[in-house]
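Note that my numbering numbers the sequence shown so that position 76 is 76, with each residue one more than the last. Where a beta carbon is used, it is the ideal one built from N, C-alpha and C, also for glycine. Only one structure is covered here, and it is reproduced in the block below.
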Amino acid sequence: MFFGLTIEKLMLIGVIAAVLIGPERLPRYAEALAKFTKRAKETLQGARSRMRDEMGPEFDDVDWKKLDPRQYDPRRIIREALLDDTPTATMRAAGAAALAAREKPDTTPFVAGERPPFDDEAT
């Protein structure tokens, strides 16, 4: 059930609510709860149909259990990242070569009395 609520706990909450509300107002509250439940169900069905319309035929191909955020255990994610067989050394070498190929900035010291360099494209 939701939020760790079992049938027994829900029944106990219902009995306590019935005692607190009283027999005079109980039918009115039960009717309001039924309307709320019906409206919530219609809203969820509308959202599902709207999503199916927007996604098209791919909606049925999506593995929704794979996208469940409760499955994301940080320990598992780190373990999978550490066991990943991507060639990181090659990537580092390629990154270093790209940095070396970049134009080196002008590092000449500033002389007093000169105008400092100004880059028109910097702002």
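Collapsed DSSP secondary structure at residue i in the structure displayed
i    : result
A112 : coil
D53  : helix
D120 : helix
E31  : helix
T43  : helix
R25  : coil
T37  : helix
Start and end residues, alpha helix (DSSP H) containing residue i
i    : result
V126 : Absent from the structure is residue 126, since the part of the chain shown begins at 1 and ends at 123.
Problem - Whole alpha helix (DSSP H) elements within the region 55-89, 4-residue minimum - result: 74-82
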